[in-house]
Amino acid sequence: MKTLIINSHPFMSQNSFSKILLDEFCAKFLENFSQNELEILTLKDEFIPRLDSDMLGVFTKGENLNEREIKIKNQMNRLMEQFLASKRIVIVMPMLNFNITSQFKDYMDNILIPQKTFKYVTGGSVPLLTDGRKVLLLQSSGAIYTANDRYTPLEFSHNYIKEMFINMMGFDSFKIIRAQGTAVSSIDKNELIKTAKSELDAYFSEFYA
1 MKTLIINSHP
11 FMSQNSFSKI
21 LLDEFCAKFL
31 ENFSQNELEI
41 LTLKDEFIPR
51 LDSDMLGVFT
61 KGENLNEREI
71 KIKNQMNRLM
81 EQFLASKRIV
91 IVMPMLNFNI
101 TSQFKDYMDN
111 ILIPQKTFKY
121 VTGGSVPLLT
131 DGRKVLLLQS
141 SGAIYTANDR
151 YTPLEFSHNY
161 IKEMFINMMG
171 FDSFKIIRAQ
181 GTAVSSIDKN
191 ELIKTAKSEL
201 DAYFSEFYA
């Protein structure tokens, strides 16, 4: 079963908590599956078309495209083909300003395409990817967002991802595994990552069920 890891960290270092989660997942994956079933897309290293007038031109100008629009169209097709071929999606993302990274929003604008991942019908839209797909979010954050305090409702990123993948595109399940509190001085960072790794290990078999 093809798995696509979308690394949306804009400045990942070797000792970042996101890198630790990414490495943990890859190690677990390779214990169970072959390397050729895993693909990693690092957004900061790729040309990810943005939703601007040139991208809109791809949809509105038919075959009369300029050079940049042709480049955008070809890359959008490549990203869509890669996405559709992967029934397991893993998103590695730091929580920045209470939301998804800007690079990931650009990526979503390349895969939330009518007639590809959803379609419009009378009264709204219906998902098209209803063949048993799952998405896993590995999220690191400096603060804690599960304490039911004033910050909990401000963290929009996981809600956006869940709704787009489940309700818009039709994925079967969404799971978030957090390494949170990385900037809280009172938290033992070794215990923090140990907890995240344990949760990932416990969920891994369910993710591939």
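Residue numbers in the sequence shown follow my numbering, run continuously in steps of one, and reach 209 at the last position.
Just so you know, even glycine gets a beta-carbon here, dropped at the ideal spot from N, CA and C.
### Task
Would you decide whether S18 is buried or exposed? Buried here means 16 or more other CB atoms lie within 10 Å of its CB.
Buried: at least 16 other Cβ atoms inside 10 Å.
#### Entry: Nearest neighbour of I72, chosen from E81, K175, R88 and M55 [CA to CA]
M55
### Task
Indicate the three-state DSSP secondary structure (helix, strand or coil) for S125 in the structure shown.
strand
### Message
So if DSSP puts I5 in a beta bridge, which residue, or which two residues, is it bridged to?
### Response
I40 and V90
### Task
Can you give me the Cβ contacts of L200 inside the same chain, cut-off strictly under 8 Å, excluding the 5 residues immediately before and after it?
Around L200: L21, E24, F25, K28, L138 and I177.
### Task
Report the partner residues of K50 according to the DSSP bridge assignment.
At residue 50 the sequence reads Arg, which differs from the Lys that was named. For R50, DSSP records no beta bridge to any residue.
### Task
Please work out which residues of its chain come closer than 8 Å, Cβ to Cβ, to M1, disregarding the five sequence neighbours upstream and downstream, and give them in chain order.
These residues qualify, in order along the chain: F33, E37, K87, R88 and Y208.
#### Entry: A179 versus N190: straight-line alpha-carbon distance, rounded
11 Å
### Task
Express the C-alpha separation of T3 and A202 in angstroms, rounding to a whole number.
18 Å
### Task
Count the C-beta pairs between the region 105–112 and the region 139–151 that are closer than 8 Å, then say yes if the count reaches three, no if not.
no
### Query
Can you name the start and end residues of the alpha helix (DSSP H) that K189 belongs to?
Unbroken alpha helix (DSSP H) run through K189: K189 to F207.
### Task
Using only alpha-carbon positions, find the residue among G142, F165, L154 and Y160 that is nearest to S185.
Answer by Cα proximity: G142.
### Task
Name the residue from K61, F174 and A85 whose alpha carbon lies nearest to the alpha carbon of E206.
Looking at K61, F174 and A85, the one whose alpha-carbon comes closest to that of E206 is F174.
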